[in-house]
Every structure is written in structure tokens, then in C-alpha cells.
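Student:
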Amino acid sequence: MIAIIEDDKGWEDYYQQLLADYDLKCFHDGLAAVQWMDKTVPDLVILDILLTGPTGFAVLNEMQSYPELAKVPVIVVSSVAMSEDELAKYGVRAVFDKGDMMPQDLLKSVQAALEGARNGK
Amino acid sequence: MESEVFSANSSTVVVAHELKAPLSLMRQLALSLELERDIDRAHQISEKIVVTSDRAIRQVNDLTKIARLDEALFEMEPVNPRMVCDDVVNELWRLFRFNHRELRLEYRNKKRLVVGNRQLLYSVVYNFCLNAMNYGGEELPSIVSISDKYGTKIRIAVRDFGPAIPTKIWREIKDGFVKQPVDIAMRPGSSGLGLYIAAKFTNYMQGDFGLIRHRDGTSFYIDLPVSGQLSLV
Numbered sequence: 076m077i078a079i080i081e082d083d084k085g086w087e088d089y090y091q092q093l094l095a096d097y098d099l100k101c102f103h104d105g106l107a108a109v110q111w112m113d114k115t116v117p118d119l120v121i122l123d124i125l126l127t128g129p130t131g132f133a134v135l136n137e138m139q140s141y142p143e144l145a146k147v148p149v150i151v152v153s154s155v156a157m158s159e160d161e162l163a164k165y166g167v168r169a170v171f172d173k174g175d176m177m178p179q180d181l182l183k184s185v186q187a188a189l190e191g192a193r194n195g196k
Numbered sequence: 006m007e008s009e010v011f012s013a014n015s016s017t018v019v020v021a022h023e024l025k026a027p028l029s030l031m032r033q034l035a036l037s038l039e040l041e042r043d044i045d046r047a048h049q050i051s052e053k054i055v056v057t058s059d060r061a062i063r064q065v066n067d068l069t070k071i072a073r074l075d076e077a078l079f080e081m082e083p084v085n086p087r088m089v090c091d092d093v094v095n096e097l098w099r100l101f102r103f104n105h106r107e108l109r110l111e112y113r114n115k116k117r118l119v120v121g122n123r124q125l126l127y128s129v130v131y132n133f134c135l136n137a138m139n140y141g142g143e144e145l146p147s148i149v150s151i152s153d154k155y156g157t158k159i160r161i162a163v164r165d166f167g168p169a170i171p172t173k174i175w176r177e178i179k180d181g182f183v184k185q186p187v188d189i190a191m192r193p194g195s196s197g198l199g200l201y202i203a204a205k206f207t208n209y210m211q212g213d214f215g216l217i218r219h220r221d222g223t224s225f226y227i228d229l230p231v232s233g234q235l236s237l238v
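Set out below in C-alpha cells:
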């Protein structure tokens with residue numbers, strides 16, 4: 076199961092179309108996602124940073140507080156320019172800028188993160 | 006100077022960020038269109054590109070209008086608010102549908118005209134509706150309403166059923182008006198660009214801009230003076 080945390084419905088629809096082969100659970104805000112992750116550990120999280128309510132950083136911090144969630148790979152897709160190095164400590168595997176992301180690159184990254192999680196990497 | 010939006014660095018960043026969202030989405034949709042083999046789905050994607058670009062173009066147009074408010078090119082005239090609201094809803098219903106939202110009209114005043122500028126009033130209502138679309142929930146529709154206010158004014162309001170505005174931000178809007186778009190101008194995560202535009206245009210038309218904080222959402226409104234001229238519609 077991939078948890079998508081994205082408050083823009085246009086982007087959410089886009090993910091649903093691009094990742095139609097995967098089992099997705101979409102959230103419009105970080106709080107609802109964190110509450111859901113309290114009971115369910117996703118295989119992967121795709122996270123926007125500027126969200127309605129708590130930001131993506133709050134979600135990352137919350138995930139780091141729980142051992143099971145700290146291991147979950149995260150892919151950040153945001154309009155805010157950030158480096159992977161900055162976010163590596165939060166378990167972030169890849170960072171994409173919404174402005175120049177290629178759909179194929181996101182698909183590859185999702186596949187790699189899921190395989191890595193399955194192999195315990 | 007009204008064009009402060011372009012002079013302050015922080016505002017420019019906020020505006021740029023807000024405009025980047027539809028542009029980057031259009032780019033992704035165009036890329037996915039290249040890969041799409043199903044004609045129906047390709048048609049849906051191309052329709053999404055059109056409505057997303059319409060929205061971005063309107064924002065740019067509104068920002069251009071703000072820069073030109075000083076030139077007093079927007080004359081005050083009798084305006085039928087119902088026709089303006091009908092036009093906005095006609096333009097936005099598809100975008101609402103794409104976002105799994107609904108927009109409804111409730112007119113308690115059908116005949117009276119207001120003193121304002123049609124273009125600017127259109128932008129105000131349009132931006133209120135966009136704000137409602139972004140923050141309203143999927144379960145209940147956003148509602149555009151027109152009603153009498155004190156007999157001398159007409160209130161045009163857009164009600165959403167989304168998360169309530171935090172008290173601090175509510176006070177800022179009530180007390181300080183909207184001077185510039187800031188990171189959390191209206192609600193967390195929002196640049197408030199649309200509401201900033203609406204506030205500027207309302208101020209130009211000498212109307213009152215405000216909000217009502219409900220337990221289950223927010224209404225943004227503009228009050229404009231009633232025109233002595235009767236509507237022929």
C-alpha cells in the first residue's frame with residue numbers, strides 16, 4: 076500500500092492515474108495520514124511538503140518517532156526546492172521538484188523504493 | 006503603491022510559488038498525455054490541462070489588474086451580481102467537478118444591482134470560489150449566495166464547509182485587511198493569493214471585505230452598495 080499525502084486534488088488525480096497499478100491510499104492533510112499510519116504501516120509514502128495544516132516536515136518528524144514508521148521509505152514531491160541530502164535523515168529516498176519531474180523517473184523511484192523495502196534496505 | 010506585490014521579495018516568492026502549482030501540473034499532464042493510448046482518458050487529460058491553464062491565466066490577469074488599479078481604468082457602474090455569479094459558476098463548475106467538489110447558488114436577492122465594476126467583482130467571486138474549492142470538503146457543496154444587507158448593501162458570499170480558520174489568522178484578516186500575500190495569509194498551507202486579489206479589488210470598489218467563521222467552515226463575503234438603477238433582467 077502506498078500512502079499519498081497531497082492536498083492538491085489535481086495532483087492527487089494525477090498520481091492515481093500514473094500509479095494505477097498500485098494500491099493507493101490518498102490523504103489531503105498530514106494529520107489524517109498520521110492518524111491512519113497509527114494503525115496501518117504503508118509500504119511507501121509519497122509526500123508533498125506544503126500541506127494544509129501541518130507541513131510535510133511534521134509528517135516526517137512524526138514518522139521518525141515510531142520505529143515501524145521510521146523504516147518506511149518516503150518520496151517527497153514538492154514545489155519547494157530541497158536536496159535529498161537535507162532529507163535523508165528522515166528516511167527520504169528521493170526528492171522530486173514538481174516543476175521538472177518526469178513521470179518515468181517517479182515510477183522508477185517508486186519501484187526501487189518498494190523493492191528496497193521488500194529486501195529490507 | 007499598489008504594485009507592491011512585485012516589489013517585495015517575499016510576496017514575489019509567494020506569487021511565484023502559487024503560479025508554479027498549476028504550471029507544473031500542466032507539464033505533468035502533458036507528459037502523461039504523450040504516454041496515454043486510451044482516447045477517452047487522453048480527452049480527459051487534455052480537458053484537465055485546459056481548465057488548469059484557464060485558472061493560471063486568470064491569476065496572472067488579476068495580478069496585472071492589481072498593478073493597473075492606480076490608473077483608474079475600472080469604472081464604477083451598476084452591475085447585476087446575479088449575472089456575475091452565474092458566469093463565475095459557469096466557468097468554474099468543470100474545475101470543481103475535476104476536484105470532486107460541487108458549487109451551488111443560493112440567491113435571496115434576484116433583482117437589485119450593485120455599484121461596482123463587473124470585471125473586478127467577477128474576479129472577487131471567482132477567487133472566493135477557488136478558495137472554497139481548495140478548502141471545502143467533498144461531502145458538502147460550496148455555496149455562492151446573494152442577499153440584502155441593511156437595505157443599502159448587497160452581500161455576495163461564498164461559503165465552504167472546510168476546516169475552520171485558526172483564531173489568530175481570523176483576527177489578522179478582520180483587523181488588518183490583507184496587505185500582501187503571505188505564506189499563511191488565510192489558512193495553513195495557503196499563500197492566500199486569491200484572497201489578497203479579492204481584498205484589493207474590493208477595496209478599489211469601496212466595498213467591505215470580510216469573513217464569517219463557522220464551526221464547520223468559512224464564508225468570505227463582499228458587501229457592495231445597492232445601485233438606484235433597477236435591473237431589467
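These protein sequence lines map, in sequence, to chains V and Z.
Going letter by letter, the first sequence gives residues 76 to 196 in the numbering used here.
Going letter by letter, the second sequence gives residues 6 to 238 in the numbering used here.
Glycine included, each C-beta is placed from N, C-alpha and C at the ideal position.
Since this is a predicted model, take the numbers as computed values, not measurements.
1. What's the gap between the Cα of Z/K53 and the Cα of V/K84?
2. Using the beta-carbon count (16 or more within 10 Å), is Z/G141 buried or exposed?
3. Is there a Cβ of chain V sitting closer than 8 Å to that of Z/K25, yes or no?
4. Is the CB-CB distance between V/V147 and V/V116 below 8 Å?
5. Counting only C-beta atoms, is Z/T17 closer than 8 Å to chain V at any point?
6. Three Cβ pairs or more, each shorter than 8 Å: is that satisfied between the region 121–130 of chain Z and the region 200–215 of chain Z?
7. Enumerated in chain order, which unbroken segments of the beta strand (DSSP E) with a length of 3 residues or greater are wholly contained in the region 60–120 of chain Z?
8. Is there a Cβ of chain Z sitting closer than 8 Å to that of V/D180, yes or no?
9. Have a look at V/V120, V/Q92, V/D98 and flag the residue whose alpha-carbon is nearest the alpha-carbon of V/D80.
10. Check whether the Cβ atoms of Z/L38 and Z/S58 lie closer than 8 Å to each other.
11. Nearest chain Z C-beta to V/D89 closer than 8 Å, yes or no?
12. Flag this pair as yes or no: are the beta carbons of V/V151 and V/K173 separated by less than 8 Å?
13. Can you find a C-beta in chain V that's less than 8 Å from the C-beta of Z/T57?
14. On the criterion of 16 or more Cβ atoms from any shown chain inside 10 Å, does Z/R192 qualify as buried, or is it exposed?
15. Take Z/T157 and list the residues in its own chain whose beta-carbon comes closer than 8 Å to its own, dropping the five residues that flank it on each side.
16. Rank Z/K154, Z/G212, Z/D45, Z/L135 by C-alpha distance to the C-alpha of Z/L108 and give the top, closest one.
17. Within its chain, find whatever has a CB closer than 6 Å to the CB of Z/N132; leave out the 5 residues flanking it on each side and keep chain order.
18. Give me the chain V residues within the contact set of Z/H22, using Cβ-Cβ distance strictly less than 7 Å, ordered along the chain.
19. List the DSSP bridge partners of V/A163.
20. Just checking my contact of V/G166 with V/V149 at CB under 8 Å: how many whole Å lie between their CB atoms?
21. Let me make sure I understand the geometry here. Which of V/L189, V/N194, V/Q179, V/R193 has the alpha-carbon closest to that of Z/L40?
22. Tell me where the beta strand (DSSP E) around V/L126 begins and ends.
23. On a Cα-Cα basis, can you pick out the residue from Z/L36, Z/I227, Z/D45 that is closest to V/M176?
24. Express the C-alpha separation of Z/M210 and V/L126 in angstroms, rounding to a whole number.
25. On the premise that Z/M81 lies in contact with Z/N122, defined as a C-beta separation below 8 Å, what is that separation, rounded to the nearest angstrom?
26. Measure the alpha-carbon distance for Z/E143 versus Z/H105 and round it to whole angstroms.
27. Give the range of the alpha helix (DSSP H) segment to which Z/F166 is assigned.
28. In terms of residues, what are the limits of the beta strand (DSSP E) holding Z/R220?
29. Just curious, the alpha helix (DSSP H) that V/D180 is in, first and last residue?
30. Can you list, in chain order, the residues of its chain with a C-beta nearer than 6 Å to that of V/A192? Leave out the 5 residues immediately preceding and following it.
31. Against chain V, does Z/H105 count as a neighbour if the rule is that its beta carbon must be under 8 Å from one of theirs?
Tutor: Taking the geometry as given:
1. Between Z/K53 and V/K84, the C-alpha separation is close to 12 Å.
2. buried
3. yes
4. yes
5. no
6. Contact between the region 121–130 of chain Z and the region 200–215 of chain Z is established, with three or more Cβ pairs separated by less than 8 Å.
7. Within the region 60–120 of chain Z, complete beta strand (DSSP E) segments of at least 3 residues are found at 82–84, 108–112, given in chain order.
8. no
9. According to the sequence provided, residue 80 of chain V is Ile. The question's Asp does not apply to it. It is V/V120.
10. no
11. The amino acid occupying residue 89 of chain V in the given sequence is Tyr; Asp does not appear at that position. True, the Cβ-Cβ gap to chain Z drops below 8 Å.
12. no
13. Z/T57 counts as touching chain V.
14. Bear in mind that a pLDDT of 45 at Z/R192, under 50, signals an unreliable position, so the number given afterwards is only what the model happens to contain. By the 10 Å Cβ count, Z/R192 comes out buried.
15. P230, V231
16. Residue nearest to Z/L108 within the set Z/K154, Z/G212, Z/D45, Z/L135 is Z/L135 (criterion: CA-CA distance).
17. Spatial neighbours of Z/N132 in its own chain (CB-CB distance under 6 Å, excluding positions within 5 residues in sequence) are listed in chain order as G199, I202, A203.
18. Those are S154, listed as they occur along chain V.
19. For V/A163, which the question treats as bridged, DSSP gives no partner whatsoever.
20. 5 Å
21. V/Q179
22. Segment: none, V/L126 is in no beta strand (DSSP E) and carries neither H nor E.
23. Z/L36
24. 33 Å
25. 6 Å
26. In this structure, the CA atom of Z/E143 is about 6 Å from the CA atom of Z/H105.
27. Segment: none, Z/F166 is in no alpha helix (DSSP H) and carries neither H nor E.
28. That residue, Z/R220, is in no beta strand (DSSP E); it is neither H nor E in DSSP.
29. 178–193
30. D118, P148
31. yes
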